[in-house]
Every structure is written in structure tokens, then in C-alpha cells.
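Notes for the one structure printed next.
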Amino acid sequence: MSGLAEFSGQSVVWLVRAGDCGVDWLRTRFFRLSEEHFPQSTCHVLARDIAPAMRLMMAVAKRRRSPYDVLVRIDLPAELTGSQAGGLARLRDELPAAQRRVFLTVNHQFHRSGDGPDDVAMAFINTWPAHRSRAEAREHWVQRHGPLVLEVGLPPVITSYTQVHFAVETAYPEVFDQTYQGLSFETITSQADLVKVFAGSAALRRLNRTLLKDERNFTGPPLFSAFTTMRP
0 MSGLAEFSGQ SVVWLVRAGD CGVDWLRTRF FRLSEEHFPQ STCHVLARDI APAMRLMMAV
60 AKRRRSPYDV LVRIDLPAEL TGSQAGGLAR LRDELPAAQR RVFLTVNHQF HRSGDGPDDV
120 AMAFINTWPA HRSRAEAREH WVQRHGPLVL EVGLPPVITS YTQVHFAVET AYPEVFDQTY
180 QGLSFETITS QADLVKVFAG SAALRRLNRT LLKDERNFTG PPLFSAFTTM RP
């Protein structure tokens with residue numbers, strides 16, 4: 000399996016609340032979906048796991064926590080087929096509507112410096128802003144915010160930064176949601192490393208505030224979570 004930092008150009012992303020199913024059942028079910036319908040794809044099943052220090056840091060930054068327990072990313076080597084869409088639809092129907100969201104994505108990677116087997120995923124769910132059209136918001140996110148991230152600079156603890164844009168129009172509208180705009184997906188060496196870096200650098204915190212201010216141009220308040228990899 001490729002590491003979390005390695006993206007294809009397009010993916011299927013699930014955001015799921017465990018509910019009565021439980022995280023272990025979801026892990027088994029999603030890996031079975033991958034084996035049956037996506038044998039040539041890389042499937043990452045990630046469980047929410049936010050360390051106390053990270054939770055505190057995000058609270059200070061006024062980040063709201065995501066309600067989702069599991070994030071699944073299936074990277075596609077080719078266009079989605081009708082058979083694959085059917086498999087997604089059947090699993091979608093198995094899960095209560097209030098517990099799951101599924102998206103077809105277009106991915107834009109801006110930074111990748113490593114890809115470790117124990118990397119942690121940080122995902123910020125970007126919502127649609129009320130003050131801009133969807134096209135304007137998406138253009139700012141890609142054309143302005145992505146380059147700004149590189150200009151500000153990322154500490155070595157952040158090994159990748161990818162914008163995961165949820166498709167607004169797809170060939171299978173009955174399968175995919177449009178609830179959110181997408182994910183700001185980052186991989187980090189560890190949560191402890193990230194907290195330590197930000198706690199020890201006033202300059203880095205100031206630069207981060209520059210990015211937070213720019214977020215208002217393309218998203219409502221993002222929802223944050225940290226995820227660790229689950230194995231088959």
C-alpha cells in the first residue's frame with residue numbers, strides 16, 4: 000500500500016460516523032469494498048485519533064472538531080466505472096444517511112517531502128462560504144491559498160499538503176454528496192512533533208495566522224480531525 004502522502008489525481012472519499020456499526024465493522028466493510036470493486040486502487044481506512052495536546056492546540060486556534068470517526072480514501076488509477084459506482088451505492092445504502100457522506104474528488108498536491116508508514120493524517124473539512132459563489136471559492140482555494148501555503152512555508156514535521164476538491168458534478172449524482180467543498184489534507188510525522196514545533200516558534204504561529212486569515216476568502220469554519228491508519 001502506498002503511503003498517505005501519495006495521491007492519484009482522483010479519489011473516492013468517505014466521511015463516516017461509526018454509530019451502532021462500530022469502527023472495526025467499518026474497517027472490515029471498506030476493505031471488502033476495495034477488494035471487490037477497486038482491486039487496482041490504494042485504499043486508506045483512517046480512524047479518528049486526536050491526541051490530548053493536539054485537541055488543546057486546535058481549541059486554542061478555535062478549530063471545530065469534525066463529527067466523523069472514519070475517513071476512507073480510495074485513490075483511482077482510472078475513471079470510475081459504472082460497476083464501481085454500483086458498489087459504492089450499495090454500501091451507501093447500508094449506512095444510515097445521517098452517518099455517512101461520500102464524494103468523488105479531484106486532488107491538487109502542493110507539497111510532498113516524505114511518506115512515512117506511521118504518518119498521521121490531518122484533515123480540515125472545508126465548507127461552502129456564504130459570501131462567495133462556489134466557483135469563486137474554489138478558484139481562490141487553488142490559485143491563491145495553495146501558493147500562499149508554499150510561500151509561508153511548511154515545517155519539516157508536515158510532510159505533505161494536498162487540496163482534495165469534492166466534485167460538484169459527477170456522472171453518478173445519486174451516489175455522491177455535495178455537502179462540503181473538500182479537504183485540506185496534510186500528513187505529519189506525529190501529533191507530538193507538530194504541537195512541539197508550534198509551541199516553540201512564535202514566528203511559525205504568526206505565519207499560521209496569515210493562512211487562517213486567508214481561509215475566510217474561500218471557506219466557512221473548517222472542521223478538523225486527525226486520523227491514524229487502520230490495517231486490513
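The numbering of the sequence shown is numbering that gives the first Met the number 0, which starts it at 0 and goes up by one. Note that the Cβ used here is the ideal one computed from N, Cα and C, for glycine as well. These numbers come from a predicted model, not from an experiment.
Counting every other CB atom within 10 Å of its CB across the protein chains shown gives A198 a total below 16, marking it as exposed.
For D23, the uninterrupted alpha helix (DSSP H) run begins and ends at V22 to H36, by DSSP. Here E78 is not bridged, per DSSP, to any residue. Distance from the CA atom of D92 to the CA atom of H130, rounded to whole angstroms, is 34 angstroms. In the three-state DSSP reduction, Q180 falls in the coil class, being neither helix nor strand. The way I'd put it, the stretch 4-22 does touch the stretch 72-92; three or more beta-carbon pairs between them come closer than 8 angstroms. For F197, there is no enclosing beta strand (DSSP E); the residue is found in the alpha helix (DSSP H) stretching over Q190 to A198. Between the alpha carbons of L182 and W140 lies a distance of about 11 angstroms. Ranked by Cα distance from Q190, the options F165, E138, P155 and V44 are led by P155. Linking L206 to L90 through their CA atoms gives a straight-line distance of about 42 angstroms. At a cut-off of 4 residues, the continuous stretches assigned as alpha helix (DSSP H) that sit fully inside the stretch 119-187 are 133-139 and 145-151. Between the C-alpha atoms of A136 and F30 there is a straight-line separation of about 34 angstroms.
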